[in-house]
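For reference, the structure is listed below as structure tokens.
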Amino acid sequence: MTHPPRISVIIPALNAEAVLPAAIAAVREDDVEIVVVDGGSGDGTVTGARQAGAKVIASDKGRGQQLRRGGEEAVGDWLLFLHADTRLQAGWRKDAAAFTANPANETRAAVYTYALDDLSPHARRVERLVGWRTRVLGLPYGDQGLLISRGHYDRLGGFRAMQLMEDVDLVRRIGKPNLTVLGTRAVTSAARYRRGGWWARPLRNLFCLMLYYLRVPPRILMRVYR
């Protein structure tokens, strides 16, 4: 009888052919299942994912829905949710192995250290802001990855089919005292910051977070986030 993979990596994707193969290559290991959840891409996302060795499943569009669907399909003892434009650096598996080997972490979760693929001082400022938000507020976002045991994920009810803030919703249920930041960097594309502005984009993200706490409807949050 074949034992399930120790870790299942779940990656929601939508028109991500330019970045997805690198994200998959960074986490491909013999005992790692990689599940790409496609939200209806019109480019080569699905073909590229399969060529890179991932299992591909279809889902309705929406990251919360896609993450939930991936969690239902994955068979690993531990689940690692990862964005399509995020590349975990060398050492991610060693950090994950140390975390998952500790029985106390069966009811905890871990994220990786946030980094951007940009050499500018603006990027370092954003990284410091994210580090502060993660440490002080206990609110890492999905671009840091999320490593959680299958049992704990199921007990918490998993990701909800939300259009936005699905990551915040889940980490709030996990709780700040139960979150560990692993040392390996999760390097995410800075394209959104370069396009939206190094000051304007973080401010918009914080504004969306405030609106979320004020229980503003998701459809309005999506308009602001874009």
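Numbering (our numbering), first residue to last: 793 to 1018. Don't be surprised by glycine CBs; every beta carbon is placed ideally from N, CA and C.
Under the assumption that residue i contacts residue j (Cβ atoms under 8 Å), give the Cβ distance between them as a whole number of angstroms.
i	j	result
Gly934	Phe873	7 Å
Val829	Ile802	7 Å
Asp877	Ser941	About 26 Å separates the two Cβ atoms, so there is no contact after all.
Val819	Trp884	7 Å
Ala902	Leu974	5 Å
Tyr904	Ala815	About 13 Å separates the two Cβ atoms, so there is no contact after all.
Val963	Gly930	7 Å
Glu958	Leu880	About 20 Å; that fails the 8 Å criterion.
How many Å lie between residue i and residue j at the Cα?
i	j	result
Arg947	Arg1011	28 Å
Leu1001	Ser851	26 Å
Gly856	Val827	15 Å
Arg1007	Gly840	38 Å
On the CB-based measure, 16 or more other CB atoms within 10 Å of its CB, does residue i come out buried or exposed?
i	result
Tyr985	buried
Gly967	exposed
Gln843	exposed
Asn894	exposed
Ala805	buried
Pro813	buried
Met793	Any reading at Met793 must be qualified, since the residue scores a pLDDT of 40, below 50, and its modelled position is unreliable; no value is offered.
Arg861	buried
Leu1013	buried
Ala866	buried
Ser800	buried
Thr892	buried
Worksheet item: Per the contact definition of three or more C-beta pairs closer than 8 Å, is the region 905-925 in contact with the region 940-954?
Response: no
Practice prompt. Mind listing, in chain order, the continuous beta strand (DSSP E) runs of no fewer than 3 residues lying wholly within the region 846-905?
Written response: 847-850, 870-873, 878-880
Fill in: 3 or more residues per run - each beta strand (DSSP E) lying fully within the region 894-978
901-908, 938-941
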